[in-house]
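Quick mapping for you: the protein sequence lines, in order, are chains A and B.
So the first sequence is residues 37 to 385, counted in the working numbering.
So the second sequence is residues 37 to 385, counted in the working numbering.
Protein chains: 2
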Amino acid sequence: MNVQRSKEKRITIHDIAREIGIAPSSVSKALNNLPTISDRIKVLVRAKAKELNYVHNSGAANLRKGTSQLVGVVVPRINAAFFSDVIAGIEEKCFEYNHRLIICQSDETFVREVQAVETLIQQNVDCILISLSKETKTNLHLKEIVDRNIELIQFDRVDESFKSHIIVNDNEKVALKAVKHLLSQGYKQIAYFGGAEHIPAYKERKKGYLAALKSAGINIPYQHVVDDVSQKERAYITAIELLKGNNPPDAFFTVSDHAALGILSAIKELGLKTPEDVGIVGFANETFTEATCPTLTSIDQQSRKMGLMASDIFFKKFREKEKQPSLRKQETLVIKSTVVIRASSSRKK
Amino acid sequence: MNVQRSKEKRITIHDIAREIGIAPSSVSKALNNLPTISDRIKVLVRAKAKELNYVHNSGAANLRKGTSQLVGVVVPRINAAFFSDVIAGIEEKCFEYNHRLIICQSDETFVREVQAVETLIQQNVDCILISLSKETKTNLHLKEIVDRNIELIQFDRVDESFKSHIIVNDNEKVALKAVKHLLSQGYKQIAYFGGAEHIPAYKERKKGYLAALKSAGINIPYQHVVDDVSQKERAYITAIELLKGNNPPDAFFTVSDHAALGILSAIKELGLKTPEDVGIVGFANETFTEATCPTLTSIDQQSRKMGLMASDIFFKKFREKEKQPSLRKQETLVIKSTVVIRASSSRKK
DNA sequence: ATTAAAATGGAAATCGATTTCCAATATACT
DNA sequence: AGTATATTGGAAATCGATTTCCATTTTAAT
Numbered sequence: 037m038n039v040q041r042s043k044e045k046r047i048t049i050h051d052i053a054r055e056i057g058i059a060p061s062s063v064s065k066a067l068n069n070l071p072t073i074s075d076r077i078k079v080l081v082r083a084k085a086k087e088l089n090y091v092h093n094s095g096a097a098n099l100r101k102g103t104s105q106l107v108g109v110v111v112p113r114i115n116a117a118f119f120s121d122v123i124a125g126i127e128e129k130c131f132e133y134n135h136r137l138i139i140c141q142s143d144e145t146f147v148r149e150v151q152a153v154e155t156l157i158q159q160n161v162d163c164i165l166i167s168l169s170k171e172t173k174t175n176l177h178l179k180e181i182v183d184r185n186i187e188l189i190q191f192d193r194v195d196e197s198f199k200s201h202i203i204v205n206d207n208e209k210v211a212l213k214a215v216k217h218l219l220s221q222g223y224k225q226i227a228y229f230g231g232a233e234h235i236p237a238y239k240e241r242k243k244g245y246l247a248a249l250k251s252a253g254i255n256i257p258y259q260h261v262v263d264d265v266s267q268k269e270r271a272y273i274t275a276i277e278l279l280k281g282n283n284p285p286d287a288f289f290t291v292s293d294h295a296a297l298g299i300l301s302a303i304k305e306l307g308l309k310t311p312e313d314v315g316i317v318g319f320a321n322e323t324f325t326e327a328t329c330p331t332l333t334s335i336d337q338q339s340r341k342m343g344l345m346a347s348d349i350f351f352k353k354f355r356e357k358e359k360q361p362s363l364r365k366q367e368t369l370v371i372k373s374t375v376v377i378r379a380s381s382s383r384k385k
Numbered sequence: 037m038n039v040q041r042s043k044e045k046r047i048t049i050h051d052i053a054r055e056i057g058i059a060p061s062s063v064s065k066a067l068n069n070l071p072t073i074s075d076r077i078k079v080l081v082r083a084k085a086k087e088l089n090y091v092h093n094s095g096a097a098n099l100r101k102g103t104s105q106l107v108g109v110v111v112p113r114i115n116a117a118f119f120s121d122v123i124a125g126i127e128e129k130c131f132e133y134n135h136r137l138i139i140c141q142s143d144e145t146f147v148r149e150v151q152a153v154e155t156l157i158q159q160n161v162d163c164i165l166i167s168l169s170k171e172t173k174t175n176l177h178l179k180e181i182v183d184r185n186i187e188l189i190q191f192d193r194v195d196e197s198f199k200s201h202i203i204v205n206d207n208e209k210v211a212l213k214a215v216k217h218l219l220s221q222g223y224k225q226i227a228y229f230g231g232a233e234h235i236p237a238y239k240e241r242k243k244g245y246l247a248a249l250k251s252a253g254i255n256i257p258y259q260h261v262v263d264d265v266s267q268k269e270r271a272y273i274t275a276i277e278l279l280k281g282n283n284p285p286d287a288f289f290t291v292s293d294h295a296a297l298g299i300l301s302a303i304k305e306l307g308l309k310t311p312e313d314v315g316i317v318g319f320a321n322e323t324f325t326e327a328t329c330p331t332l333t334s335i336d337q338q339s340r341k342m343g344l345m346a347s348d349i350f351f352k353k354f355r356e357k358e359k360q361p362s363l364r365k366q367e368t369l370v371i372k373s374t375v376v377i378r379a380s381s382s383r384k385k
């Protein structure tokens, strides 16, 4: 579909120029406050611009300058709590630096992710912040981005094999800490409910989990380590199975609060109690974690902060480039996440 | 800040034209699949475009065509569950119609809302979807939008006095229904916890609440009808006060689930029980409503659907305009919301 | 007063794609 | 064959702002 807005006529610098009898170029300079224009003219121009209700056309300027002041974001789901918080952070920072934000969602599919990237390139964005979809296993589209000299910043769900700025949580470390916390509460048979296996964030969390058990000298039956059960429903079903089995876990560490919710239902369903019989630790510190019964221990990923810092990489780089255009090192930032201990894992008073 | 991307050189239609020895205009026509170009050339052009890794520059096309295929959204908070769901709906529809989405948040302040609108005008968006901030009491910035022939669609938090497309929930009706539900459960002293008074959505909900009480012939002490307590903290404090007073309510109808959360804490704090002693109905059907203890009765606003329908107004209009450019009637759509009955308000089995 | 230097405003090219004419060629029709 | 009619591709203008010179004017300096 291709649509023509019935546009009367947009006021341009030419209109301003004509009205006060100067050249359009002078108007541009005046509006941009260049030193080569006298204050007298600047005042005139600004007044007339206001009078005519002039609005700068960023698209036109963009074309000429080769810069759009546009930042693109691609996430699996706009309305997942974690991502919407990150986006809020990004937006805040962009606003501070007078940049605009274009947001696309991949819907967890690879095709739409690629399309989103293409779209952002078409829009001539200056920077792309991306968190990969579940399906994404190749990175030609990322290469496409850097090939066109667009800054690329991957966050949370990243492809580590692809060189770019990367910003993630200290997933392994915090997972280790969380599981140690469970151990300290006397839980011994701690099961793991993970996400899609190839996603680094989940791999890391699993590593941390395994490390904690190892350091405690605990052996876990293989059935207790399950991948791809981050959805509530699947977690519920799997938890029921395990708890009914002949070697039931006495605690769950999971990579998502939604999974934790499913586990909680399963526990209640079987007439067990949390935290007395079975402990739970979730991940993401969703709003609902402090509203559940019992309240849920979870991991605060500092999502807003991640958004702030991710975009800050880009803006900082701008400042650097102004001084030193050759600067191009890739940063990898790790955001410290914390275990928020609530009732679901506290059985020692 | 003003930044220059170190751009090697973007491949343009001129490059394609030069390589195969035809005119740039022909390349444009070929890529746009105009009938005035032979298939032979079209094939050549497409092949060469792929070979050179050409990407269309929407900004340039936008400038020439006067259309950006861009849709702007302004919301108080990107990461509030309701808004992020609406945005997800909008994004889905935009994707379907091959439009891009620019998102701004007003942070509930009027200044930033005005800036956001200005920004979107600068970007030459074809349509603006807006939900007003708490502070917004004037509408010059909305006038600004329609004056520039940009489609304006207000949703949820709207200024009814300003003529535009409007899409809202059936707030009054559903509030009435919710309060009647409370009455049916035997609650009599039902308090109201509202939001900022001048926002129509809240006004409507209050109207529905009052209507339900009136139709039941119930008189409510004025202290039980409180505005501007949609935040969790404030709701908590106010609920404690009321419950400790000498005419305590036996139920709360509130315009926000967060307020409901605060009320729930207050009730627990005072050693009372929900739903036995005090009933609660929230609003928005946030994720956590089914995780609380007891689960929270709430109102499902169908936020995603609101997003879909809101943007659809715009796209439908496009189709109409193509046939009949004079068409310009303003639609007001009402989305039916439903009461989701859960434990917090069910004391009759 | 004369020359040099600094300040100020303008003309024109430019960014990349679209679109309006127009010219040239091809096809159809007496 | 000769005229009329389609087809097809190109030249040039255009969208709105920026930017690079360049020309003039003003100020400073001797």
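A virtual CB, placed ideally from N, CA and C, is assigned to each residue, including glycine.
For residue 81 of chain B, the enclosing alpha helix (DSSP H) begins and ends at 75-88.
Taking 9 Å as the cut-off, the Cβ atoms of residue 202 of chain B and residue 366 of chain B count as close.
DSSP, read as helix, strand or coil, puts residue 319 of chain B in coil. Between residue 260 of chain A and residue 283 of chain A, the gap from beta carbon to beta carbon is short of 9 Å.
Judged by DSSP secondary structure, residue 108 of chain A falls within the beta strand (DSSP E) whose first and last residues are 106-111. For the segment 144-212 of chain A, the continuous alpha helix (DSSP H) assignments of 4+ residues that do not extend past its boundaries occur at 146-158, 176-183, in sequence order. In this structure, the alpha-carbon of residue 213 of chain B lies about 47 Å from that of residue 215 of chain A.
Bounds of any alpha helix (DSSP H) do not take in residue 91 of chain B, whose DSSP letter is neither H nor E. Shortest Cα-Cα distance from residue 56 of chain A to any of A:82, A:72, A:71 involves A:82. Taking C-alpha positions only, residue 180 of chain B is separated from residue 124 of chain B by approximately 27 Å.
A Cβ-Cβ distance of about 4 Å is found for the pair residue 285 of chain B and residue 227 of chain B, placing them in contact under the 8 Å criterion. Taking C-alpha positions only, residue 139 of chain B is separated from residue 132 of chain A by approximately 15 Å. In this structure residue 45 of chain A is exposed. Its beta-carbon is surrounded by fewer than 16 other beta-carbon atoms within 10 angstroms. Within the DSSP bridge table, the entry for residue 261 of chain B names B:228 as partners. Only residues of its own chain outside the window of five on either side were considered, and among them 177 have a CB closer than 6 Å to the CB of residue 153 of chain A, listed in chain order.
Residue state for residue 103 of chain B is assigned as coil, using DSSP reduced to three classes. Chain A places no beta carbon closer than 9 Å to that of residue 193 of chain B, leaving this residue out of the contacts.
By the CB criterion at 9 Å, residue 252 of chain B and residue 219 of chain B fall inside the cutoff. Apart from the 5 residues on each side of it in sequence, residue 275 of chain B sits with its Cβ closer than 6 Å to the Cβ of 299, 302 in its chain, given in chain order. The beta carbon of residue 225 of chain A lies closer than 6 Å to those of 285, 286 in the same chain, with the five residues before and after it left out. Under DSSP, residue 371 of chain B forms a beta bridge with B:205. Of all residues in the segment 290-320 of chain A, the ones placed with a Cβ closer than 7 Å to any Cβ belonging to chain B are 297, in chain order. Taking 9 Å as the cut-off, the beta carbon of residue 235 of chain A is found closer than this to the beta carbon of residue 168 of chain A.
For the pair of segments examined, the segment 147-162 of chain B was found to touch the segment 100-114 of chain B: the number of CB pairs separated by less than 8 Å reaches three.
For residue 323 of chain A, a Cβ of chain B is located within less than 9 Å of the residue's own Cβ. For residue 174 of chain A, the number of other beta carbons within 10 angstroms of its own is below 16, and it is reported as exposed. Rounded to whole angstroms, the Cβ separation of residue 262 of chain B and residue 230 of chain B is 7 Å, and the two are in contact under 8 Å. Per DSSP, residue 290 of chain A is one residue of the beta strand (DSSP E) stretching across 287-290. When CB distances to chain A are screened at a threshold of 7 Å, the residues of the segment 75-97 of chain B falling below it are 91, 92, 93, 94, 95, 96, in chain order.
When C-beta distances to chain A are compared with 9 Å, the residues of the segment 113-124 of chain B below that value are 113, 114, 115, 116, 117, 119, 120, 121, 122, 123, 124, in chain order.
Contact between the segment 111-121 of chain A and the segment 81-96 of chain A is absent: fewer than 3 CB-CB pairs across the two stretches fall below 8 Å.
Following the DSSP letters along the chain, one finds residue 136 of chain B inside the beta strand (DSSP E) bounded by residues 136-141. Judged by DSSP in its simplified three-state form, residue 276 of chain B adopts helix. Between the alpha carbons of residue 311 of chain B and residue 335 of chain A lies a distance of about 31 Å. With respect to residue 241 of chain B, residue 185 of chain B sits apart: the two C-beta atoms are not nearer than 9 Å.
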